[in-house]
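A.B. asks: Structure incoming, see below.
Here it is as structure tokens:
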């Protein structure tokens, strides 16, 4: 909980973030605020213009405004490279845009800034910061993360280390810097065994930069040889110790690599072979859900915890 904000302010921010997430179907992380601005304009729930100008005061990277005569909002920002709008690598800029969205969706712009006291303007800025923190780093997702350090956490959520540290502080500094055995896939979140050349969930070639958000992927139970003890298709549980196929539906008892030159027996939940990257037998038979659907459902569950977490 942010000690600098009153209970009333925290209620307003929490309600605003939940409404925003629901109305704009926010379920993809990390959030690229440039793309989020496009989504807001496409949905047309509010009128929003985005303007770039080099004449903005040096004290600001962006500023939001409201024009009551036409019931329209605008975010004016300093010019940025086009490539930022694709990946938003400048994490300060990402937070700045989320901050300005906070001013809009917390209702701060209904009353002009010059009509407010310094204390009210400070409160608005603190609420906008809190909105940005909750939007970019939802409590449920942050608590589920297992980053190596603060830098890795900040990079994963496209925020600065300062913003990440402040978010952790407001969440009570949860113990998330716990080492995990293996590598978390940067794309899908599968926790792979050390030494795997490819991710078994999404097929991505393993790289030196691991992810921070481990995502659990469902799989049929198996014995120590990799033979399933419950068929992933018909759910039969009667398998002899020499069984190669399900006695009911004929589904293979092993989720082998589909490349015959490899033919490795893979984990029952693997969509790709961790050795060569080829599809597995279960993936080809359509017995496993798409990894994007699994990750998306996990993120939605974590977002649902936001109300309970703060």
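Residue numbers (the working numbering): 14 to 323. Glycine included, each C-beta is placed from N, C-alpha and C at the ideal position. All values derive from a computational prediction rather than experimental measurement.
Can you list, in chain order, the residues of its chain with a C-beta nearer than 7 Å to that of residue 250? Leave out the 5 residues immediately preceding and following it.
C.D. replies: So the list reads 242 and 243, once near-sequence residues are dropped.
A.B. asks: Could you give the distance in angstroms between the alpha-carbon of residue 171 and the alpha-carbon of residue 50?
C.D. replies: So the alpha carbons of these two residues sit roughly 16 Å apart.
A.B. asks: Suppose contacts are defined by Cβ-Cβ distances below 8 Å. Is residue 279 in contact with residue 270 by that definition?
C.D. replies: Yes.
A.B. asks: Is it true that the CB of residue 240 sits closer than 8 Å to the CB of residue 267?
C.D. replies: Cβ atoms of residue 267 and residue 240: closer than 8 Å.
A.B. asks: Would residue 120 pass as an interface residue toward chain B - the criterion being a Cβ-Cβ separation below 8 Å?
C.D. replies: As a matter of chain content, chain B is missing from the structure shown, which is built from one protein chain.
A.B. asks: Select from 80, 41, 39 and 90 the residue whose C-alpha is nearest the C-alpha of residue 64.
C.D. replies: The candidate whose alpha carbon is nearest that of residue 64 is 90.
A.B. asks: Label residue 109 either buried or exposed according to how many other C-beta atoms from any shown protein chain fall within 10 Å of its C-beta, with 16 as the threshold for buried.
C.D. replies: Flag for residue 109 reads buried.
A.B. asks: Let's test the definition: count the other Cβ atoms within 10 Å of the Cβ of residue 83 and tell me whether it reaches 16, buried, or not, exposed.
C.D. replies: By the neighbour-count rule (16 or more Cβ atoms within 10 Å), residue 83 is not buried but exposed.
A.B. asks: How is the beta strand (DSSP E) around residue 189 delimited, first residue to last?
C.D. replies: No beta strand (DSSP E) contains residue 189, which DSSP labels as neither H nor E.
A.B. asks: Pick out whichever of 248, 272, 306 and 309 has its Cα sitting closest to the Cα of residue 297.
C.D. replies: Selected option, being the one with the closest Cα: 272.
A.B. asks: By DSSP, does residue 47 sit in helix, in strand, or in coil?
C.D. replies: Helix, per DSSP.
A.B. asks: Any chance the stretch 178-185 sits against the stretch 138-150, with 3 or more Cβ pairs inside 8 Å?
C.D. replies: Contact holds: three or more Cβ-Cβ distances are below 8 Å.
A.B. asks: For residue 228, count neighbouring C-beta atoms within 10 Å of its own C-beta (all shown protein chains included) and say buried if the count is 16 or more, exposed if not.
C.D. replies: By the neighbour-count rule (16 or more Cβ atoms within 10 Å), residue 228 is buried.
A.B. asks: Helix or strand or just coil, what does DSSP make of residue 78?
C.D. replies: Here residue 78 sits in strand by DSSP.
A.B. asks: Whether or not the stretch 161-170 and the stretch 33-41 are in contact is what I'm after, with contact meaning three or more pairs of Cβ atoms, one per stretch, closer than 8 Å; do they touch?
C.D. replies: The stretch 33-41 vs the stretch 161-170: no contact.
A.B. asks: For residue 181, name the three-state secondary structure that DSSP assigns.
C.D. replies: The answer is helix: DSSP assigns residue 181 an H, G or I state.
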